[in-house]
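In our numbering, the protein residues as written are 83 to 489.
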């Protein structure tokens, strides 16, 4: 082959074909008959990264004297040129590629990919299905990282709100200290301060308008009328109310994030959501580093996700390992008797693992079945262990008297 020759590289579902300027097939690489493996190779090249088959083909063609390579994918052309130090160019469509696409079966037979009686259309269908699954899974992987960040943001907001609520309570305590013990819920306390400001405004009428039950409103109004707190000026109260407004915006943002996570979990992990709930499912995805990583974890690891410090401490000191990590937040674990929680956590972790695997690798929806199975198992555990197990009675050690020495 003379120097200065060009070649068109055509990528197909059955192999990589190279044609010279006269249109003759000069070299090829045949793919294995494994749809999933071929799909991975095609996606890699679609992303502009050469596979070992493509690199080997280009090097072999360089050895034959070809020095210019044409591809339909501009990014792939650029990467091959940079990595192998050859002249590459992108052109779509390639003449050779159009000829191959017009009669794929004959080219598949020509390179020995098809045997007698084999159906190329079926093969192409299988490869395309694997490509679609992989691309959908990849898009979900990005979405699961988004939902992981959203649940982390909720955690950050909770920390900020706890700090702000404590500060607002201490600040307003100077003016109306009795309100602190009458209103336990932070958001309601902050809303009352923002809406009413001065304690003189804490009347039964105004409190009931804000949704407080009448009996409770009477107690708060009476406490306000007889408060021993200091009298603050309007400027002081305005600053407190401004901070309250910011805190209430954060509460609103938190609820919006919860709705967002709920919607995204429906999209990327409906089975996991059905079993664990949207927020707990998202938290597990975050702790594992992604949905696929969660799916690959054994259920025993899922059970203690979030309790790694306690687990390592138990391993180091020989103490009891934790029975559950963040899955304690699930109402089945949190709402059960202490002696039932370990077994329920194990059952829950098992169903979470199955749900995550189906979401990551299958896409079928079996969430209702998994949830029903979990419900039955939890019911069995609660019925079988209604009372705490008896602790084994250890026999008391009898001290033997030593034999007296003669003499």
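Quick reminder that beta carbons are idealized off the backbone N, C-alpha and C, glycines included.
If contacts are defined as beta-carbon pairs under 8 Å, then residue 366 and residue 426 qualify, I think. What distance do you get, rounded to the angstrom?
Not really, about 16 Å apart at Cβ, beyond 8 Å.
Suppose the cutoff is 8 Å on Cβ atoms and the five residues either side in sequence are ignored; what does the same chain contact list for residue 133 look like?
Excluding residues up to 5 positions away in sequence, 123, 126 and 127 lie with their Cβ nearer than 8 Å to the Cβ of residue 133 in the same chain.
Close beta carbons around residue 460, own chain, < 6 Å, minus the five adjacent residues each side
Cβ neighbours of residue 460 beyond the five flanking positions: 414 and 426.
Excluding the 5 residues preceding and the 5 following residue 447 in the sequence, name in chain order all residues of the same chain whose CB lies nearer than 6 Å to its CB.
Contacts found: 352.
Can you tell me where the beta strand (DSSP E) with residue 333 in it begins and where it stops?
Going by DSSP, residue 333 is part of no beta strand (DSSP E) but of the alpha helix (DSSP H) stretching over 316 to 350.
Unbroken beta strand (DSSP E) runs of length 3 or more, entirely within the region 216 to 298: which are they?
As far as the region 216 to 298 is concerned, it has no whole beta strand (DSSP E) run of at least 3 residues.
Beta strand (DSSP E) segment containing residue 101, residue limits
Element bounds for residue 101: 97 to 102.
Taking Cβ positions, are residue 336 and residue 276 nearer each other than 7 Å?
Contact: no.
Residue environment, residue 418, which counts as buried when at least 16 other CB atoms sit within 10 Å:
Classification of residue 418: buried, given that the 10 Å Cβ count is 16 or more.
Measuring only the C-alpha atoms, how far is residue 97 from residue 449?
Distance between residue 97 and residue 449, taken at the CA atoms: about 40 Å.
Determine the direct distance from the alpha carbon of residue 356 to that of residue 412, and round the result to whole angstroms.
Rounded to whole angstroms, the separation of the alpha carbons of residue 356 and residue 412 is 12 Å.
Which class does residue 84 belong to by DSSP, given the choice of helix, strand or coil?
Because the pLDDT of residue 84 is 47, which lies under 50, any placement of that residue in the model is unreliable, and the number read from its coordinates should be weighed accordingly. Residue 84 sits in coil when the DSSP states are folded into three classes, being neither helix nor strand.
Taking C-alpha atoms, which residue in 350, 90 and 373 lies nearest to residue 148?
Minimum Cα-Cα distance from residue 148 among the listed residues 350, 90 and 373 corresponds to 90.
Proximity below 7 Å, CB of residue 176 to CB of residue 152:
For residue 176 and residue 152, yes; Cβs fall inside 7 Å.
contact_flag[the region 295 to 304, the region 325 to 342] where n(CB pairs < 8 Å) is 3 or more:
No: the two stretches stay apart, fewer than three of their Cβ pairs being nearer than 8 Å.
Can you have a look at residue 171 and say buried or exposed, based on whether 16 or more other CB atoms are within 10 angstroms of its CB?
Exposed is the call here.
Starting from residue 381, trace the alpha helix (DSSP H) in both directions and tell me its first and last residue.
In the DSSP annotation of this structure, the continuous segment of the alpha helix (DSSP H) that includes residue 381 starts and ends at 381 to 385.
Beta-carbon proximity list for residue 167, same chain, < 7 Å, skipping 5 on both sides:
The answer is none, since no qualifying residue turns up.
Contact with chain B by residue 259, beta-carbon distance below 7 Å
Any reference to chain B falls outside this structure, which holds one protein chain only.
Cβ pair residue 229, residue 346 closer than 7 Å:
If you check the CB distance, residue 229 and residue 346 come in under 7 Å.
Can you say whether residue 374 is buried or exposed, counting buried as having 16 or more other CB atoms within 10 angstroms of its CB?
Residue 374 counts as buried, since at least 16 other C-beta atoms from the protein chains shown sit within 10 angstroms of its C-beta.
Out of curiosity, what's the CA-to-CA distance linking residue 370 and residue 358?
Straight-line Cα distance between these residues: approximately 15 Å.
Thinking C-alpha only, which one of 471, 398, 443 and 456 is nearest residue 216?
Per the Cα distances, 443.
Is it true that the region 189 to 199 meets the region 101 to 112, where meeting means three or more beta-carbon pairs spaced less than 8 Å apart?
Short answer: they touch.
Residue 437 beta carbon less than 7 Å from that of residue 354:
Yes, Cβ-Cβ distance for residue 354 and residue 437 is below 7 Å.
Just to confirm before moving on: does the CB-CB distance between residue 103 and residue 88 stay below 7 Å?
Residue 103 is a Cβ neighbour of residue 88, given a cutoff of 7 Å.
Going by C-alpha distance, which of 344, 304 and 453 is nearest residue 225?
Proximity to residue 225 across 344, 304 and 453 peaks at 344, based on C-alpha coordinates.
Can you grab the Cα-Cα spacing for the pair residue 183 / residue 235, in whole Å?
The C-alpha of residue 183 lies about 49 Å from the C-alpha of residue 235.
Residue 310 burial status per 10 Å Cβ neighbour count (16 or more: buried)
With a threshold of 16 other beta carbon atoms within 10 Å, residue 310 falls short and is exposed.
Expressed to the nearest angstrom, what Euclidean distance is found between the alpha-carbon atoms of residue 161 and residue 93?
Spanning the alpha carbons of residue 161 and residue 93 requires a straight line of approximately 15 Å.
Opposing strand residues paired with residue 402 [DSSP bridges]:
For residue 402, DSSP assigns no beta-bridge partner whatsoever.
Nearest neighbour of residue 471, chosen from 420, 200 and 173 [CA to CA]
Among 420, 200 and 173, the Cα nearest to that of residue 471 is on 420.
On the criterion of 16 or more Cβ atoms from any shown chain inside 10 Å, does residue 281 qualify as buried, or is it exposed?
Buried, because 16 or more other Cβ atoms sit within 10 Å of the Cβ of residue 281.
Under the three-state reduction of DSSP, which class applies to residue 161: helix, strand or coil?
If DSSP states are grouped into helix, strand and coil, residue 161 belongs with the helices.
Quick check on the DSSP output: the beta strand (DSSP E) that includes residue 112 runs from which residue to which?
Following the DSSP letters along the chain, one finds residue 112 inside the beta strand (DSSP E) bounded by residues 107 to 112.
Among the candidates 233, 158 and 213, whose CA atom is the shortest distance from the CA of residue 360?
Minimum Cα distance to residue 360 is reached at 233.
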